[in-house]
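Enquirer: In order, the protein sequences belong to chains A and B.
Residues 1 to 80 (my numbering) are what the first sequence spells out, left to right.
Residues 81 to 160 (my numbering) are what the second sequence spells out, left to right.
All C-beta atoms in this analysis are idealised placements derived from N, C-alpha and C, irrespective of residue type, glycine included.
One structure follows; several queries about it will come next.
2 protein chains.
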Amino acid sequence: DDWQLSENASRIRREFTFPDFNTALTFVNHVGHLAEEMGHHPEICFGWGYASVEIWTHKIGGLHENDFVLAARIDRLPEV
Amino acid sequence: DDWQLSENASRIRREFTFPDFNTALTFVNHVGHLAEEMGHHPEICFGWGYASVEIWTHKIGGLHENDFVLAARIDRLPEV
């Protein structure tokens, strides 16, 4: 599992799996705090045992350096 | 904005808007805690200023009383 480019290369997305709901929720909070810290906010979807994160730069409707910085920081979270 | 039935009536879904990312994240945590308390887990998607919650009963691939109980409890959260 790694970051995947969306069809038109305007977003990156990665899926994560977890042993239960609470671990997914904890991960989502860590991503949320990173996002606030960077002032750069992804879309996060999650449920029991899974989460997905989609990142893009709204202003340009595509990908910018900050998107990859956020992705790299998410990859270093302890749950990943 | 209220709960909407999905096309084949197997899920209910509601969209919520918020003034910023952190308020959406706080709402998501409240929904998460309700879900853990009920042992019934929706799918939640959110980003800056918005969240959506989709509820269904995995075991039957459709809707059951508990789905509507969770929806009603989400409707009573302070942010909504």
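1. Give a yes or no on whether 7 Å exceeds the smallest Cβ distance from residue 63 of chain A to chain B.
2. Cutting at 8 Å between CB atoms, please list the residues of its own chain near residue 89 of chain B, excluding the five before and the five after it.
3. Between residue 157 of chain B and chain A, is the shortest Cβ-Cβ distance under 7 Å, so that the two count as touching?
4. Indicate whether residue 135 of chain B and residue 150 of chain B have their beta-carbon atoms separated by less than 7 Å.
5. Using the beta-carbon of each residue, which ones in chain B are nearer than 8 Å to residue 71 of chain A?
6. How many Å lie between residue 27 of chain A and residue 105 of chain B at the Cα?
7. Starting from residue 28 of chain A, find everything on chain B with Cβ-Cβ shorter than 9 Å and list it in chain order.
Expert: Taking the structure as given:
1. By 1-based counting over the first sequence, the position of residue 63 of chain A is 63. Interface criterion not met: the Cβ of residue 63 of chain A is under 7 Å from no Cβ in chain B.
2. Position 9 of the second sequence, counting from 1, holds the residue named residue 89 of chain B. For residue 89 of chain B, where only same-chain residues beyond five positions count, the Cβ hits under 8 Å are 142 and 143.
3. Position 77 of the second sequence, counted from the start, is the residue given in the question as residue 157 of chain B. At least 7 Å separates the CB of residue 157 of chain B from every CB of chain A.
4. By one-based count along the second sequence, residue 135 of chain B stands at place 55. By one-based count along the second sequence, residue 150 of chain B stands at place 70. In contact: residue 135 of chain B and residue 150 of chain B (Cβ atoms closer than 7 Å).
5. In the first sequence, the residue the question calls residue 71 of chain A occupies position 71. Under the 8 Å cutoff, chain B gives no residues; its nearest Cβ is about 15 Å from residue 71 of chain A.
6. Walking along the first sequence from the start, residue 27 of chain A turns up at place 27. Walking along the second sequence from the start, residue 105 of chain B turns up at place 25. C-alpha separation (whole angstroms): 12 Å.
7. Translated into positions along the first sequence, residue 28 of chain A becomes position 28. Against chain B, the beta carbon of residue 28 of chain A has neighbours under 9 Å at 105, 108, 109, 112, 124 and 126, listed in chain order.
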